[in-house]
Amino acid sequence: MNIESNQPLLKPIRVGDLNLPNRVVMASLTRMRAANPELVPTQLHAEYYAQRASAGLILSEGVFVSPEAVGWANVPGLWSEAQVRGWSVVTDAVHRAGGRIVAQLWHTGSLGHPDFLAGKTPLSASAVNPEQQSVTASGHKPTVVPRPMDKDDIRRTVADFGRAARNAIAAGFDGVQIQGGYHYLFNQFLNVRTNLRTDEYGGSRENRARFLLEVVETVVEAIGAHRTGIKTGPTTSETGAFVSTDETLATSEYVIGRLNDFSLSHLLLMGAMSDLSATPLATLAGNGMFRHFRKLYRGNLIANVEIDRARGNRLIESGLVDMVAFGRPFIANPDLPTRLAIDAPLAVVDWPKVYGSAAEGYTDYPAFQALPA
Ligand SMILES: Cc1cc2nc3c(=O)[nH]c(=O)nc-3n(C[C@H](O)[C@H](O)[C@H](O)COP(=O)(O)O)c2cc1C
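Residue numbers (this note's numbering): 52 to 424.
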């Protein structure tokens, strides 16, 4: 361990008011283990996250801010007292194991489905079907045409994020991360294909970004900028309504430029998820994403998507990013920082059990030292 401990991934860093012992961040991973009607995290969640407490920082799975934000089966929430109590058990377990954990605040918008909403239509910027799949209790279903949010819907949703952030702190989380990207609610407002509004929340970049920035401001007021982070950027799957346009990069540049004003704890930037070579985002392929936004963003930057030990160390050493978030590697390697330290082989994910409902494939991946010789 000592010979490798000077690798950049394992150097400490201060993030907000947290001292992280290393720069290996666990990315948010939805695992669908809150299989109860109240969507409360369980003792199993506590065990799973505590096993991963050696991460410099744990980003929780996406957590719904309100009942109408729900759009994925068996994902826990953070609006009720029972959920706050359930999360307290999880954060306690992580802290007792020496770790730090922030809650990722999530609203699926049009990625949800009427199945979650007693038959009601999911909310979004405009009546545009995102042409994706929604993960319902009875399997994948095509998304539907959502209902455009009116001003009351927007005001209520901004307030829901503020309440969820306060609930996160009450539940013992060390902060929150706003899920501001991929295909979810805020990207539905940022994306010109899914936002056809003619009011102050549609049209110009400033207008399309208004909702997300109102949420950031509200969460910062609720719990402080030092405890508020965000996941945003131009990365999507490049499918359905989420195919990049000439506006995509400029919109992300605007949003990320404005985020500088808030002095947030971190910005998590996903690298490319698909081949961008024939898209308006071609310059963002490979490390292009981090090079591009490092120049625009002054705070702590977390790189993500298919980053391994060697590339992660290079990214930090070259100053392109401050930390690296690992998603899939944390599923089968609860002790990932140790494995990176000693360059141990990484265990392989048992994919059929990733989105299961039991301990199997969740809390039964052993730490490296525990493997038979
Ligand atoms: C099983 C699974 C669940 C995920 N759940 C979430 C989630 O709840 N919120 C989120 O922002 N990203 C989620 N992601 C994306 C990851 O956080 C991460 O951005 C992505 O896996 C790329 O990182 P990696 O290449 O290190 O896996 C999920 C990914 C996987 C594989």
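The beta-carbon is built from N, C-alpha and C at its ideal position, and this holds for glycine as well.
Given the structure is predicted, the values throughout are model-derived calculations rather than measurements.
Test item: CB-CB of residue i and residue j under 8 angstroms
i      : j      : result
Phe341 : Leu320 : yes
Ala104 : Ala154 : no
Gln134 : Val186 : no
Leu332 : Leu300 : yes
Thr287 : Asn238 : yes
Asp386 : Ala418 : yes
Thr283 : Val306 : yes
Ile152 : Ile109 : yes
Leu263 : Phe293 : no
Asp415 : His277 : no
Leu162 : Pro388 : no
Gly254 : Glu182 : no
Asn355 : Gly378 : yes
Ser408 : Arg198 : no
Residue burial classification, residue i (beta-carbon count within 10 angstroms, cutoff 16)
i      : result
Asp373 : buried
His191 : exposed
Met52  : Confidence is the limiting factor: at Met52 the pLDDT is only 42, short of 50, which leaves the residue's position unreliable and the question unanswerable from this model.
Ile393 : exposed
Val116 : buried
Lys202 : exposed
Ala222 : buried
Glu132 : exposed
Thr249 : exposed
Gln420 : exposed
Glu112 : buried
Arg349 : exposed
Asn73  : buried
Val76  : buried
Gly322 : buried
Asn70  : exposed
Asp211 : buried
Gln230 : buried
Thr302 : buried
Ala106 : buried
Val126 : buried
Thr279 : buried
Val399 : exposed
Asn338 : buried
Arg136 : exposed
Pro468 : Outside the displayed range of the chain (52 to 424) lies residue 468, so it cannot be described from this structure.
Ala376 : buried
Ala124 : buried
Ile54  : With a pLDDT of 35 at Ile54, under the threshold of 50, the modelled position of that residue is not reliable, and the figure given next carries that caveat. Counting Cβ neighbours within 10 Å, Ile54 comes out exposed, since fewer than 16 surround it.
Gly213 : buried
Ala260 : buried
Ala188 : exposed
Ser369 : exposed
Pro403 : exposed
Gly128 : buried
Pro63  : exposed
When the options are compared against residue i, the one with the closest alpha-carbon
i      : options                        : result
Trp138 : Glu98, Val267, Glu411, Ala260  : Glu98
Leu156 : Val243, Ala169, Trp130, Leu174 : Trp130
Gly194 : Val179, Asp204, Arg206         : Note that residue 194 is Thr in the sequence shown here, rather than Gly. The candidate whose alpha carbon is nearest that of Thr194 is Val179.
Ser175 : Asn311, Thr290, Asn73, Val243  : Val243
Asn351 : Gly339, Asn338, Ile367, Ala361 : Ile367
Gln479 : Ala86, Val66, Trp123           : No statement about residue 479 is possible, as the shown extent of the chain runs from 52 to 424 and does not include it.
Gln184 : His164, Thr330, Lys171, Thr172 : His164
Ala383 : Tyr413, Ser369, Leu318         : Tyr413
Ala219 : Val271, Leu241, Gly232, Asn258 : Val271
Ser295 : Val356, Tyr233, Ile281         : Tyr233
Ile494 : Thr290, Met83, Glu268, Tyr100  : Since the first residue shown for the chain is 52 and the last is 424, residue 494 is missing from the structure and cannot be characterised.
Met200 : Glu251, Asp166, Glu182, Gly150 : Glu251
Leu347 : Asp312, Gly128, Leu397, Phe381 : Asp312
Gly150 : Val114, Gln102, Pro285, Ser189 : Gln102
Pro285 : Arg261, Asn258, Ser325         : Ser325
Asn258 : Asp297, Arg309, Ala86, Leu318  : Arg309
Cβ distance (whole Å) where residue i is taken to contact residue j below 8 angstroms
i      : j      : result
Gly226 : Ser316 : 6 angstroms
Gly122 : Thr81  : That pair is no contact at about 11 angstroms.
Glu119 : Leu168 : 6 angstroms
Thr93  : Phe224 : 17 angstroms between Cβ atoms; not a contact.
Leu391 : Arg362 : About 12 angstroms separates the two Cβ atoms, so there is no contact after all.
Arg207 : Ile274 : The Cβ separation is near 19 angstroms, so there is no contact.
Thr330 : Glu357 : Incorrect: roughly 18 angstroms between the Cβ atoms, too far for contact.
Please give me, in chain order, every unbroken run of the alpha helix (DSSP H) with length at least 4 that falls completely inside the stretch 107 to 155. 132 to 147
Closer than 7 angstroms to ligand 3: residues, by C-beta to nearest heavy atom, in chain order
As presented, the structure is devoid of ligand 3, carrying ligand 1 as its sole ligands.
inquiry  = Threshold first: 4 residues or longer. Then list the alpha helix (DSSP H) segments lying entirely within the stretch 311 to 379, N to C.
reply    = 339 to 345, 360 to 368
Checklist entry - What are the complete beta strand (DSSP E) segments, minimum 3 residues, inside the stretch 145 to 216? => result 152 to 157, 184 to 187, 190 to 193
Completely contained beta strand (DSSP E) runs for the stretch 255 to 287, where each covers 3 or more residues:
279 to 282
What ranges does the beta strand (DSSP E) occupy inside the stretch 67 to 105, keeping only unbroken runs of at least 3 residues that lie completely in it? 69 to 71, 75 to 77
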